[in-house]
Amino acid sequence: MTVLLNYADHHFRRAQQRNTKSARRVGGFDEVRSYCPQDIDPTFRRAHEGILNQEKGAGYWLWKPYFIVRTLNDLPDGTWLFYCDAGAHFVKPVDLLIRALHPFDQDVFPFSLHNHPELHWTRPEVFWELAPGRYDLQLTEQRIATCHLWRNGPEAKNFAASWLEYASRPELLLDPSEPDTIGNGFLAHRHDQSIFSVLSKLHNQRAFRDPSQFGNGRIGSSPNSPYPQIIELTRRRDVSLAGRIKRFLKSFLNG
């Protein structure tokens with residue numbers, strides 16, 4: 001059984017609908033779980049309202065590990081769950097990805113972000129808390145949180161629960177207050193992605209080639225990832241009617 005999980009607030013509602021439609025027509029999923037802010041349990045929201053009320057990432061993407069934990073707990077073991085950002089659509093069946101990764105002895109399948117070392121994209125508190133003394137991890141490629149594949153079972157559930165636990169801590173999830181003082185090549189914090197990435201390495205999970213268009217340049221150099229592009233990432237917000245009219249007029253006037 002294959003299940004897609006996506007999420008959107010009002011900014012990405014139409015994008016989510018397109019994502020769902022392509023998942024069924026092209027991706028070949030048996031089921032799609034589409035969530036929105038109103039689906040978050042009131043108790044969880046009250047406990048973490050300081051994070052979830054932030055505009056950035058519709059709550060700094062804390063909803064992502066929350067819904068993955070919730071969905072895994074609701075599905076039978078052995079189910080394949082694919083999380084994908086709403087601003088994407090499927091160009092190939094997900095079965096091509098699953099067949100390629102099925103033989104590997106792990107239940108969480110992260111994808112690499114080429115030429116993006118952890119050190120540049122993770123606030124130091126994440127290393128101090130999750131991986132003290134593991135300086136080797138800081139120079140490895142970060143792993144994306146825009147999409148990931150899960151084979152439901154105890155390993156997947158435990159990992160997702162740990163991800164949610166750490167992501168619920170503002171000092172690990174939110175932007176650092178004084179980023180310019182961090183040094184060591186730090187550029188920006190990647191929030192849920194930074195925590196997911198470091199945690200996946202501590203769990204000794206292999207990384208695979210990005211299944212979006214951004215991984216196409218590594219098809220020939222990734223022997224553990226013998227699958228084609230599966231999704232196209234766009235990350236486009238929904239545009240209001242006024243916005244569409246403004247865009248049309250600008251295009252018309254510019255000839």
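Note that my numbering numbers the sequence shown so that position 178 is 178, with each residue one more than the last. A virtual CB, placed ideally from N, CA and C, is assigned to each residue, including glycine.
Taking C-alpha atoms, which residue in the options lies nearest to residue i?
i	options	result
Ser34	Leu113, Thr43 and Ala23	Ala23
Asn73	Ile144, Trp150, Ile98 and Asp95	Trp150
Leu4	Asp192, Ile40, Gly59 and Ile68	Ile68
Glu165	Gly57, Arg13, Lys56 and Trp63	Trp63
His89	Ser212, Thr79, His11 and Pro223	Ser212
His11	Phe44, Val32, Glu55 and Ile40	Glu55
Glu125	Ser162, Phe109, Pro176 and Asn216	Pro176
In the structure shown, what three-state DSSP assignment does residue i receive?
i	result
Ile231	strand
Arg70	helix
Ala207	coil
Val198	helix
Leu149	strand
Pro179	helix
Ala8	coil
Thr43	helix
Asn53	coil
Phe214	helix
Please report the straight-line C-alpha distance between residue i and residue j, rounded to a whole angstrom.
i	j	result
Gln229	Gly28	15 Å
Cys36	His102	30 Å
Asp30	Gln193	27 Å
His189	Asn158	24 Å
Arg123	Leu130	12 Å
Asn184	Arg134	15 Å
Phe252	Glu232	Since pLDDT at Phe252 reaches only 40, below the 50 mark, its modelled position is unreliable, and the value read off the structure follows with that caveat. In a straight line, the C-alpha of Phe252 is about 28 Å away from that of Glu232.
Give me the Cβ distance between residue i and residue j, rounded to the nearest whole Å; I'm assuming they're in contact under 8 Å.
i	j	result
Asp85	Thr146	5 Å
Leu139	Leu119	6 Å
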